[in-house]
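Here the structure is laid out as structure tokens; the discussion comes afterwards.
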Amino acid sequence: MRTELASEPGDTDRPNEDFASVGLPASGQGGSLVVLDGVTPPPDGAGCRHSVPWFTARLGGALAELTVSLPDVPLADLLSRALVRTAAAHIETCDLSHPRTPQATVVLARWSPESVEYLVLSDSVLLVESPDGAVTPLLDDRLALLPRSALATDALVDSTVRNKEGGFFTAAADPSVAARAVTGTLPRAEVRALAALTDGAARWVERFREGDWTECLALVRKEGPQALVDRVRALERADTDRVLLGRSKTHDDATVVYVEF
């Protein structure tokens with residue numbers, strides 16, 4: 053088995069808000085990956101004394117433990133448990149009802165000799181390659197399907213579509229959001245490789261259109277996760293007129309986890 057990961061902050065003056073891990077049990081019979089993309093809060097705060105990296109480290113650490121230690125519990129249930137545990141760590145000091153309480157997108161995958169389970173919540177992506185080379189992107193596309201008018205301002209997003217029916221969902225303080233995730237199970241024999249990408253790395257496909265998901269995974273396999281991040285950074289620097297970046301931040305935290313069976 054081959055496992056590789058790369059994670060790079062969008063701004064060297066700010067901490068990386070992403071989280072990534074790969075867990076491989078000593079029995080050698082399976083493993084898991086966890087990728088979180090922390091949501092950058094607005095300048096006026098989020099009702100919480102803790103940073104987004106604090107939150108992603110807590111939630112990610114809980115998920116890394118639970119996905120390996122409780123192999124028979126469904127991933128959505130594990131996400132719910134991890135959210136409860138993380139909320140308990142700051143419910144006494146922070147306003148967890150605030151719409152921008154620390155939160156993150158989530159990608160989980162767990163494999164055994166028989167199956168590969170997956171969970172995707174919000175705009176990170178999990179790529180699944182089959183033995184014949186076909187690549188399937190597993191996406192939660194609710195945010196992408198919203199009209200641009202619904203995303204005009206932070207205040208509008210927070211009041212109308214963030215973690216609301218008809219909008220999109222992220223992992224914050226409410227454990228019931230786990231039931232909103234895209235989940236499924238695939239036969240282990242039908243999966244040759246996995247690649248989990250935060251949207252900062254997925255820009256290579258989604259923003260810059262340098263290739264499709266099949267070509268993206270092929271790049272990661274051949275040159276490694278860091279090569280994909282490096283190419284995204286070069287494209288960001290070259291888009292000086294913001295033709296492709298538009299209103300998006302110039303550089304976003306970018307994380308790639310690759311697993312080859």
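Numbering (this note's numbering), first residue to last: 53 to 313. From the three backbone atoms N, C-alpha and C, an ideal C-beta is built for every residue, glycine too.
Any chain C beta carbon closer than 8 Å to residue i
i    : result
L280 : Chain labels in this structure do not include chain C; a single protein chain is all it has.
Nearest residue (CA-CA) to residue i, options the options
i    : options                   : result
V91  : E117, L280 and D206       : D206
D65  : Q81, D264, S167 and D304  : D304
R152 : E288, T292, C100 and T250 : C100
R200 : K216, G298 and L249       : G298
V234 : L160, V284 and V86        : L160
A72  : E56, Q81 and S79          : E56
Secondary structure of residue i, DSSP reduced to three states
i    : result
E288 : helix
A253 : helix
V125 : coil
S300 : coil
R214 : strand
S132 : helix
R162 : strand
A223 : strand
L85  : strand
T138 : helix
V243 : coil
First through last residue of the alpha helix (DSSP H) which encompasses residue i
i    : result
R54  : First-last for R54: R54 to E60, but that is the beta strand (DSSP E), not the alpha helix (DSSP H).
F47  : Past the boundaries of the shown model lies residue 47; the chain is included only from 53 to 313, so the question cannot be answered.
R194 : R194 to L197
A270 : W265 to E275
Contacts around residue i, its chain only, beta-carbon distance under 6 Å, and the 5 residues preceding and following it disregarded
i    : result
G219 : V213
P93  : R152
Own chain partners of residue i with C-beta closer than 8 Å, once the 5 adjacent residues on each side are dropped
i   : result
M53 : L76, G83, V311, E312 and F313
Close beta carbons around residue i, own chain, < 7 Å, minus the five adjacent residues each side
i    : result
Q278 : A58
V272 : A247, L280, V308 and Y310
S182 : E242, V243 and R244
Enclosing beta strand (DSSP E) for residue i [first to last residue]
i    : result
P189 : V187 to L191
P239 : V234 to P239
T307 : A306 to E312
D70  : D70 to G75
V168 : S167 to L173
Anticipated Cβ contact below 8 Å, residue i with residue j, distance rounded
i    : j    : result
H150 : A114 : So it is not a contact: roughly 21 Å between Cβ atoms.
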